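Numbering (the numbering used here), first residue to last: 77 to 403. Have a look at the structure below, then the notes.
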């Protein structure tokens with residue numbers, strides 16, 4: 077089997093990957109598979125996307141790109157892990173853990189959030205805007221004090237799913253190959269999954285794949301954020317109620333759930349006006365304004381995010397142990 081340690085042993089590579097992410101994070105000197113996936117997507121786009129194509133042809137070619145990149149990512153990692161386990165089970169464990177580690181972004185997300193908070197506290201709004209521009213897709217040049225905090229908290233909530241919970245979930249379900257396949261889907265969505273030309277039809281499949289892939293992790297993260305808030309002395313019940321009440325107001329079937337849960341946990345209101353490509357976009361409000369947004373809410377959001385991921389790890393390992401004894 078490719079991932080026998082995932083299901084039937086205490087020696088799961090997932091905790092190793094989680095610890096590596098907390099300790100090492102995403103150093104620039106370390107080669108990252110997502111960079112390679114991104115290059116494949118770019119090359120595939122150049123080959124498949126032509127301005128003369130009809131909408132239907134673009135959609136078909138977008139499906140080919142999405143399924144092709146997904147298959148390559150899964151097959152490449154499957155082969156590497158398979159060979160590693162055949163050579164030596166412990167080598168397979170290390171290789172699996174190392175690959176899963178590259179799909180996680182917990183430390184990087186926390187570091188950027190705290191860096192934004194630090195910049196805001198010292199009055200460096202330009203510096204804060206620069207960091208925020210690295211984690212959000214909206215225009216940041218005119219964001220004020222409260223807008224910067226709101227954008228950061230929203231990004232932390234959304235990326236807790238994309239960067240931590242979902243990769244962990246798929247690592248537990250299908251090991252390193254499935255975790256990397258998820259990361260491939262996420263990369264496809266970030267590169268071509270836009271609702272505007274030339275990607276409106278070409279990126280349709282990538283966007284839908286991302287929606288499907290995040291469906292379960294996003295709903296699990298509602299629970300994780302609520303439990304994390306409860307453990308941290310915040311209002312976990314309000315987090316859960318807010319997610320259920322406001323989560324579906326968001327244009328995304330998944331992002332709004334985590335953002336609404338985070339809004340409820342912190343007692344703040346997220347959503348509202350944003351600008352994308354110079355155009356004003358109004359997002360539905362999520363949560364009630366119990367408190368005004370402050371830099372402290374960024375710090376709290378970071379702790380909620382980290383604890384949510386830890387809860388995901390603990391629950392996942394509990395399932396592993398259960399299967400080990402009862403399968």
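Beta carbons: idealized from backbone N, C-alpha and C, even for Gly. Here the structure is a predicted model, which means the values were calculated and not measured.
Handout entry: residue 172 versus residue 146 - alpha carbon distance
Key = 18 angstroms
Exercise for the section: Taking only runs that begin and end inside the segment 259-325, name each unbroken beta strand (DSSP E) of 3 or more residues, in chain order. Expected result: If only uninterrupted beta strand (DSSP E) runs of at least 3 residues are considered, none is enclosed by the segment 259-325.
Practice task
Determine the extent of the beta strand (DSSP E) in which residue 357 is found, giving its start and end residues.
Solution key: 355-362
Exercise for the section: May I ask which residues mark the beginning and end of the alpha helix (DSSP H) holding residue 340? Expected result: 331-342
Exercise for the section: Output yes if chain C places a C-beta closer than 8 angstroms to the C-beta of residue 161; else output no. Expected result: Of the protein chains in the structure, only one exists, and it is not chain C.
Practice task
Leaving aside the five residues before and after residue 326 along the sequence, list all residues of the same chain whose C-beta is less than 6 angstroms from its C-beta, in chain order.
Solution key: Taking residue 326 as the centre and dropping the five residues before and after it, the same chain places the C-beta of 332 closer than 6 angstroms to its C-beta, in chain order.
Exercise for the section: Using three-state DSSP, classify residue 126 as helix, strand or coil. Expected result: coil
Practice task
Could you check the C-alpha separation between residue 209 and residue 194 for me, to the nearest Å?
Solution key: Between residue 209 and residue 194, the alpha-carbon positions lie close to 16 angstroms from each other.
Practice task
Assess, as a yes-or-no matter, whether the segment 361-373 is touched by the segment 381-397 under the definition of 3 or more beta carbon pairs within less than 8 angstroms.
Solution key: no
Exercise for the section: Using beta-carbon positions only, say whether residue 54 and residue 229 come within less than 8 angstroms of one another. Expected result: Residue 54 lies beyond the residue range present for the chain, which begins at 77 and ends at 403; the question has no answer from this structure.
Problem - Environment of residue 368 [buried if 16+ CB atoms lie within 10 Å] - result: exposed
Problem - Contacting residues, own chain, Cβ-Cβ under 8 angstroms from residue 157 (five flanking each side not counted) - result: 78, 79, 168, 171, 172, 175, 251, 252 and 253
Practice task
In angstroms with no decimal places, state the Cα-to-Cα distance between residue 150 and residue 200.
Solution key: A direct Cα-Cα distance of roughly 43 angstroms separates residue 150 from residue 200.
Handout entry: Residue closest to residue 218, alpha-carbon to alpha-carbon, out of 204, 322 and 231
Key = 204
Exercise for the section: Between the Cα of residue 298 and those of 267, 269, 339 and 280, spot the shortest distance and give me the residue it belongs to. Expected result: 339
Handout entry: Burial state of residue 82, where buried means 16 or more other Cβ atoms lie within 10 Å
Key = A caution first: residue 82 carries a pLDDT of 44, below 50, which makes its placement in the model unreliable, though a value can still be read off. Buried.
Practice task
Would you mind reading off the limits of the beta strand (DSSP E) that contains residue 349?
Solution key: 346-352
Exercise for the section: Pull up the distance between the alpha-carbon of residue 315 and that of residue 140, whole angstroms please. Expected result: 40 angstroms
Handout entry: Beta carbon of residue 221 nearer than 8 angstroms to that of residue 97
Key = no
Exercise for the section: Could you pull the start and end residues of the alpha helix (DSSP H) that residue 187 belongs to? Expected result: 182-197
Handout entry: Buried versus exposed, by CB contacts within 10 Å (16 or more), residue 273
Key = exposed
Handout entry: The alpha helix (DSSP H) enclosing residue 203, as first and last residue numbers
Key = Counting along the chain, the alpha helix (DSSP H) containing residue 203 begins and ends at 201-208.
Practice task
Can you give me the start and stop residues for the alpha helix (DSSP H) that residue 212 sits inside?
Solution key: Counting along the chain, residue 212 falls outside any alpha helix (DSSP H), and DSSP gives it neither H nor E.
Exercise for the section: For the segment 181-195 and the segment 233-248, state whether three or more C-beta atom pairs, one from each stretch, are separated by less than 8 angstroms. Expected result: Segments in contact, yes.
Problem - Endpoints, the alpha helix (DSSP H) within which residue 218 is located - result: It is not in any alpha helix (DSSP H) - residue 218 carries neither H nor E in the DSSP assignment.
Practice task
In the DSSP assignment, find the alpha helix (DSSP H) that holds residue 132 and state where it starts and stops.
Solution key: 131-163
Problem - Coarse secondary structure for residue 179, derived from DSSP in three states - result: coil
Problem - C-alpha gap between residue 396 and residue 248, whole angstroms - result: 8 angstroms
Problem - Beta carbon of residue 261 nearer than 8 angstroms to that of residue 289 - result: yes
Handout entry: Reduced DSSP secondary structure (H/G/I, E/B, other) of residue 394
Key = helix
Exercise for the section: From the DSSP output, in three-state form, read off residue 421 for me. Expected result: Missing from the structure shown is residue 421; the chain here goes from 77 to 403 and no further.
Handout entry: C-alpha distance - residue 125 paired with residue 135, whole-angstrom precision
Key = 10 angstroms
Practice task
Measure the alpha-carbon distance for residue 189 versus residue 130 and round it to whole angstroms.
Solution key: Those two C-alpha atoms are separated by around 42 angstroms.
Exercise for the section: Label residue 398 either buried or exposed according to how many other C-beta atoms from any shown protein chain fall within 10 Å of its C-beta, with 16 as the threshold for buried. Expected result: By the neighbour-count definition (other C-beta atoms within 10 Å, threshold 16), residue 398 is an exposed residue.
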